[in-house]
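Which chain is which? The protein sequence lines are A and B, in order. Just so you know, the first sequence maps onto residues 137 to 616 in this note's numbering. Just so you know, the second sequence maps onto residues 137 to 616 in this note's numbering. Note that CB positions come from ideal geometry on N, CA and C, so glycine has one too.
2 protein chains.
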Amino acid sequence: MSEVETRNPHSQLQGQLARVGELLRRQHLVENLAHRQQGDHHDLVESLVHRQHVAELQREIDGLHPADLAYILEALPPEERLEIWNLVKADRDGEILLEVSDAVRESLLADMDKPELIAAAEQLDAEEIADLAEDLPEDVLQELMHRLNAQQRERVQSAMSWEDDQVGAIMDFDMVTIREDVTLETVLRYLRRLKELPEHTDKLFVVNQDTVLTGVLPIRWLLVNDPAKDVAEVMASDANTFHPEDDVAETAQAFERYDLVTAPVVDANGKLIGRVTIDAMVDVIREESDAEVRERFGLREDEDIFASVWKSLRNRWAWLAINLVTAFVASRVIGLFEGSIQKLVALATLMPIVAGIGGNSGNQTITMIVRALALDQISPTSAKRLLRKELGVAVLNGLIWGGVIGVVAWLLYRNVSLGLVMTAAMTLNLLLAAMMGVLIPMTLLKFDRDPAMGSSVMITAITDSGGFFIFLGLATLFLI
Amino acid sequence: MSEVETRNPHSQLQGQLARVGELLRRQHLVENLAHRQQGDHHDLVESLVHRQHVAELQREIDGLHPADLAYILEALPPEERLEIWNLVKADRDGEILLEVSDAVRESLLADMDKPELIAAAEQLDAEEIADLAEDLPEDVLQELMHRLNAQQRERVQSAMSWEDDQVGAIMDFDMVTIREDVTLETVLRYLRRLKELPEHTDKLFVVNQDTVLTGVLPIRWLLVNDPAKDVAEVMASDANTFHPEDDVAETAQAFERYDLVTAPVVDANGKLIGRVTIDAMVDVIREESDAEVRERFGLREDEDIFASVWKSLRNRWAWLAINLVTAFVASRVIGLFEGSIQKLVALATLMPIVAGIGGNSGNQTITMIVRALALDQISPTSAKRLLRKELGVAVLNGLIWGGVIGVVAWLLYRNVSLGLVMTAAMTLNLLLAAMMGVLIPMTLLKFDRDPAMGSSVMITAITDSGGFFIFLGLATLFLI
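Shown next, in the form of structure tokens:
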């Protein structure tokens with residue numbers, strides 16, 4: 137869908153106001169709905185909406201870009217969401233389902249019956265159907281596959297055969313291919329015979345008779361070169377190509393690095409089988425970084441903000457349970473020193489400081505390391521260096537902030553030794569935090585896990601238990 | 137720089153191997169350097185490198201894409217980084233400086249003298265110079281401005297006059313403009329007379345004699361339509377346009393939503409003044425999400441992973457200091473109940489569980505809310521609904537997990553009341569966590585702050601102090 141097709145038929149706005157206008161209208165629509173929900177005269181307003189406003193709403197909805205409708209559907213609570221969804225014309229259902237988040241998609245699909253689902257999916261391209269497939273009921277999917285032609289069916293099956301994080305699962309098949317032994321003039325004539333070019337077409341793919349990719353011809357070059365030249369003279373023979381088994385995150389990084397808009401996908405024999413486009417890569421980049429934040433705190437998946445309490449619980453319970461275990465362990469560590477605390481109750485008062493600062497500092501380290509790992513910036517040698525640096529930062533922080541808090545403890549409890557133990561414990565716990573902040577993500581990566589996964593929960597667990605043990609241990613040795 | 141210009145002259149690889157080959161070569165290069173640093177025979181190897189390998193290295197470097205070189209520079213420790221940097225040909229310095237992260241850029245600029253800096257900057261476009269300008273010494277910048285022609289100087293000044301997060305600061309001036317009263321044939325002839333088209337050109341901008349934008353002509357449409365048609369017949373008159381004062385994050389969201397590759401930027405009178413491209417938007421998206429993660433834990437800015445210990449300290453100290461204060465407050469809260477702890481030391485043992493689970497759960501909530509706010513999905517009405525949902529989740533989690541830990545406490549200390557207090561405290565602290573997890577980011581946003589800023593530090597501070605107060609308070613009321 138090109139941006140120039142986003143025109144809203146009601147809009148009399150000039151181009152430069154179009155965007156602002158769209159935002160306003162969207163806001164207005166949402167407020168309307170929200171207001172209705174709040175109103176005292178619920179029934180009256182409801183009937184007004186259903187008698188008068190539905191027609192207006194219908195017009196609004198028909199005029200909105202699928203992405204804007206997806207945004208509105210995501211921002212609305214479930215009842216209003218379904219009300220709007222039912223007003224969306226059947227032939228637009230498919231593209232909107234592709235735009236909404238996974239969680240919202242689920243809620244929309246649950247509201248559709250079999251014929252509606254099939255009608256929606258039939259509007260889509262092969263890779264889009266594959267994307268939707270895992271959310272469709274088995275019988276709908278079978279019926280759908282049955283209705284597709286052989287090529288479409290094969291493509292859907294191929295796309296479904298790859299993992300979600302592989303290029304094969306997100307590539308599309310909208311390619312314009314040309315031969316290298318024709319002139320640019322011929323290419324231009326050929327393009328004119330096509331009714332339209334696939335979206336994002338910034339280059340044509342040059343293949344031989346076996347569909348092996350031999351080069352790419354950027355449209356920019358096609359336009360400025362002498363039409364009498366052959367494609368072979370003008371084309372680039374060493375474009376960036378990808379394989380269906382490539383990792384999408386790495387592919388997205390290559391798109392970022394080389395400023396790509398589209399790139400060909402070839403099989404092991406060099407045959408052209410599809411293409412990747414920047415819009416799919418932008419989605420990958422967005423999802424990757426969302427996932428990183430989420431996973432630090434053990435949120436399993438993207439949550440519909442209006443998900444039921446029950447669904448939210450399920451999404452979050454796993455790491456909370458792990459957290460409960462780690463908190464229990466920390467508690468038992470303290471339990472080992474109950475005798476010391478009984479004798480010097482100030483220990484109970486001061487111990488959370490040691491644990492807390494350690495946790496925060498460890499989280500800072502882990503944040504930096506996870507990012508560097510994602511960008512592939514850490515080699516075995518530099519890892520050692522990084523660890524040394526983090527330990528250096530930890531020692532200094534420990535001496536400075538541990539010193540400050542040590543003085544405070546001394547003044548509060550009139551006990552110099554207690555202050556010294558505090559400073560020492562802070563420094564040691566910060567060293568532990570730095571070490572684990574480097575090692576946890578690198579270990580997760582070594583075992584092929586996402587280095588961000590639950591990293592925040594883990595580092596906090598270690599700096600809590602470790603901090604209590606170090607502080608209470610030192611106190612027991614030197615003060616009791 | 138088009139991807140097809142990324143060709144490495146040494147590479148005899150087929151297109152489909154190009155990417156893999158590049159990665160390998162890069163790896164090899166890094167390992168070489170890393171190995172040298174580690175070697176026992178440091179001097180020997182060093183001399184070998186300097187006698188034999190420099191020529192080879194030079195060839196490698198010359199063959200690398202600027203983005204790949206930037207990647208290598210970022211992944212190398214300071215000494216090696218500068219060694220490689222000195223091998224980079226002067227005319228490539230500018231584009232590489234634009235590719236590296238801010239922190240690494242600083243380290244590279246520090247190594248260059250005035251003539252080198254000027255030579256590097258002179259290679260760049262106006263908006264690129266503006267991007268670099270804030271890192272350049274004042275005298276270099278003045279000399280540079282002096283050397284530019286009037287148009288260039290005006291563009292640089294204009295770009296520098298916008299904030300970093302405004303479209304004006306990142307737009308470029310590489311536009312192809314046409315008139316609407318000419319035929320497509322004329323446009324095609326005109327393009328052919330240009331030596332090359334600006335990168336990412338997916339549409340031509342149609343302007344009138346006052347340079348007011350009247351529409352856009354996608355190249356795709358230019359290619360498939362009858363050359364005898366007028367531009368006015370074919371062009372889209374309502375493309376997405378942006379203003380220089382627009383927020384870049386919102387602009388990036390529009391690019392994502394409408395799958396844009398380029399878009400025109402117009403002033404208040406509708407005059408075309410520049411364009412925004414997808415590669416700049418991809419950088420914005422990446423930076424936004426990096427910043428979100430960083431700011432949760434109070435990392436001030438992107439850190440060079442090999443930054444000196446001192447620089448790292450400066451980057452991290454502010455929130456650690458805040459954390460120290462909050463930890464001290466939490467400690468004083470416990471101090472209020474030292475008498476109770478003296479009587480029942482189990483309280484000291486169990487209290488971190490209440491605080492820890494609250495912190496983790498609050499972080500889960502805040503993560504979700506920050507994300508929804510970034511996507512603009514929360515309206516005043518839905519905020520109330522969200523709060524209700526989060527409180528619902530908190531009550532259930534409190535009863536379930538608080539119940540579990542209550543039973544454990546009961547069994548451990550043979551004290552039913554202690555178990556009940558534990559369950560009640562967990563539930564209340566989770567409610568506090570949920571409430572603050574919703575309110576903190578929304579409040580920050582209301583005061584125009586980044587909702588992610590230090591949010592993790594703040595929620596943990598509240599659930600710590602709150603958790604201790606609730607638990608020890610309840611215990612003092614009912615158990616002591």
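Chain-ordered neighbours of residue i on chain B, where CB pairs are closer than 9 Å
| i | result |
| --- | --- |
| L435/A | Q500, T503 and M504 |
| G555/A | Under the 9 Å cutoff, chain B gives no residues; its nearest Cβ is about 14 Å from G555/A. |
| Q288/A | Neighbours of Q288/A on chain B: none; closest Cβ ~23 Å, over 9 Å. |
| A211/A | A508, L511, D512, Q513, I514, S515 and S518 |
Boundaries (first-last residue) of the beta strand (DSSP E) holding residue i
| i | result |
| --- | --- |
| P400/B | T398 to V402 |
Where residue i sits in the DSSP three-state scheme
| i | result |
| --- | --- |
| G410/A | strand |
| D301/A | coil |
| K339/B | strand |
| T377/B | coil |
| V348/A | strand |
| I314/B | strand |
| P354/A | strand |
| D366/B | strand |
| R383/B | Strictly speaking, residue 383/B in this sequence is Asp, with Arg absent from that position. Strand at D383/B. |
| D395/B | coil |
| A443/A | coil |
| D229/B | helix |
| A372/A | strand |
| D586/B | coil |
| D308/A | strand |
| N222/A | helix |
| I616/B | coil |
| Q194/A | helix |
| Q389/A | helix |
| P214/B | helix |
| E423/B | helix |
| L359/B | helix |
| E332/A | coil |
| Q513/B | coil |
Amino acids of chain A, ordered along the chain, whose beta-carbon sits closer than 7 Å to that of residue i
| i | result |
| --- | --- |
| V360/B | L327, R328, L330, K331, E332 and L333 |
| P577/B | Simply none; closest approach about 13 Å. |
| R430/B | T503 |
Run of the alpha helix (DSSP H) containing residue i, from where it starts to where it stops
| i | result |
| --- | --- |
| T322/A | L320 to R329 |
| E252/A | K250 to E258 |
| D238/B | D238 to L245 |
| I536/B | P516 to Y549 |
| N565/B | V552 to K582 |
| E263/B | A262 to A269 |
| P273/B | Unbroken run through P273/B: none, as it is neither H nor E. |
| L205/B | P202 to A211 |
| Q287/A | A286 to M296 |
Partner residues on chain A for residue i, Cβ-Cβ distance less than 9 Å
| i | result |
| --- | --- |
| K525/B | I441, F442, A443, S444, V445 and S448 |
| F464/B | I489, I541 and V544 |
| I355/B | L333, T337, D338, I355, R356 and L359 |
Proximal chain A residues relative to residue i, where beta-carbon distance stays under 8 Å
| i | result |
| --- | --- |
| A600/B | The residue you asked about is not Ala; residue 600/B is Asp in the sequence shown. Ordered by position in chain A, the residues that pass the 8 Å Cβ test against D600/B are P488 and G492. |
| D426/B | S425 and R507 |
| H201/B | R393 and Y394 |
Under 7 Å from the C-beta of residue i: neighbouring residues of chain B
| i | result |
| --- | --- |
| G471/A | T485 |
Touch check for the segment 225-234 of chain A and the segment 200-208 of chain A: three-plus C-beta pairs under 8 Å?
yes
The segment 552-562 of chain B in contact with the segment 525-543 of chain B per 3-pair CB rule at 8 Å
The answer is yes - the segment 525-543 of chain B touches the segment 552-562 of chain B, with three or more Cβ pairs under 8 Å.
Would you check if there are 3 or more beta carbon pairs closer than 8 Å linking the segment 598-611 of chain A to the segment 464-474 of chain A?
yes
Of all the beta strand (DSSP E) runs that stay within the bounds of the segment 446-503 of chain B, which reach a length of 3 or more residues?
Scanning the segment 446-503 of chain B from its first residue to its last, no whole beta strand (DSSP E) run of 3-plus residues comes out.
Does the segment 440-458 of chain A come close enough to the segment 235-250 of chain A that 3 or more CB-CB pairs lie under 8 Å?
yes
Given 8 Å as the limit, is there contact between the segment 484-492 of chain B and the segment 578-592 of chain A, that is, 3 or more CB pairs closer than that?
no
Is the number of C-beta pairs between the segment 351-362 of chain A and the segment 405-416 of chain A that are closer than 8 Å three or more?
no
Stretch-stretch touch, CB-based, cutoff 8 Å, three pairs: the segment 293-305 of chain B with the segment 323-330 of chain B:
With a cut-off of 8 Å, the segment 323-330 of chain B and the segment 293-305 of chain B do not count as touching, because too few Cβ pairs lie within range.
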